[in-house]
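Data block below; observations after.
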Amino acid sequence: MTPETLHSLLGAGIDANKPQGVAKQVVRTGTLNGRKVVQYSDGSTEYAD
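The numbers in the sequence shown follow the numbering used here, run straight up by one, and end at 1372.
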C-alpha cells in the first residue's frame, strides 16, 4: 500500500472526536398539519418549529 493510498484511507488525520461541521442543505420546505417541515439533501425530513 502506497503512502498516498494510506493517507486517503485514513482521512488525512481528521480527528473523529471533533465535529466536522457538515451541514445538511435544505432541499424544500412546507407545512404539514400547520407545522413547518424541512426536507434535507440527505433525504431526512423534520419539523422546523
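Glycine included, every Cβ here is placed at the ideal spot set by N, Cα and C.
Look up Lys1359 in the DSSP assignment and say whether it is helix, strand or coil.
In the structure shown, Lys1359 adopts extended strand secondary structure according to DSSP, grouped into three states.
Measuring CB to CB, does Tyr1363 end up less than 8 angstroms from Gln1348?
A contact, by the Cβ cut-off of 8 angstroms.
6 angstroms CB neighbourhood of Thr1352 in its chain, flanking five on each side removed
Taken in chain order, the residues that qualify are Val1361.
On the DSSP bridge list, what partners appear for Val1349?
According to DSSP, residue pairing for Val1349 in a beta bridge involves Tyr1363.
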